[in-house]
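Counting from 7, one number per residue, gives the positions in the sequence shown under this note's numbering.
Backbone N, C-alpha and C fix where the C-beta goes; we use that ideal spot for every residue, glycine too.
These figures come from a predicted structure and were not determined experimentally.
One structure below.
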Amino acid sequence: MDLVQEIEKMQRELNTLAEEKNNILSDPEIYQQSCIIDNMIVQFMKLGDSKG
Numbered sequence: 007m008d009l010v011q012e013i014e015k016m017q018r019e020l021n022t023l024a025e026e027k028n029n030i031l032s033d034p035e036i037y038q039q040s041c042i043i044d045n046m047i048v049q050f051m052k053l054g055d056s057k058g
């Protein structure tokens with residue numbers, strides 16, 4: 007699975023998790039998952055820069 011597909015999958019999972027939680031803004035699990043996705047996006051951007 008490539009990085010873009012993995013990011014999209016994790017974003018869908020995060021949306022599902024957020025729907026299950028009451029106070030998503032202060033939930034550490036949601037924050038952690040969001041940070042992981044952000045880091046993956048940064049990796050993807052760096053890969054794009056190295057190709058260009």
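Could you pull out every residue in the same chain whose Cβ sits closer than 8 Å to the Cβ of residue i, ignoring the five residues on either side in sequence?
i: isoleucine 36; result: Leu20, Leu23, Ala24, Lys27 and Ile30
i: lysine 52; result: none
Out of curiosity, what's the CA-to-CA distance linking residue i and residue j?
i: lysine 57; j: glutamine 39; result: 28 Å
i: glycine 54; j: cysteine 41; result: 20 Å
i: threonine 9; j: aspartate 33; result: A quick correction: the sequence has leucine, not threonine, at residue 9. About 26 Å.
i: glutamine 11; j: phenylalanine 50; result: 11 Å
Enumerate in chain order the residues of its own chain whose CB-to-CB distance from residue i is below 7 Å, with the five nearest sequence positions on each side excluded.
i: isoleucine 43; result: Ile13, Met16, Gln17 and Leu20
Does residue i have its Cβ less than 8 Å from a Cβ in chain D?
i: methionine 46; result: In the structure shown, chain D does not exist; there is a single protein chain.
Which residues in the same chain as residue i place their Cβ atom closer than 6 Å to its Cβ, once the five residues preceding and following it in sequence are excluded?
i: methionine 46; result: Ile13
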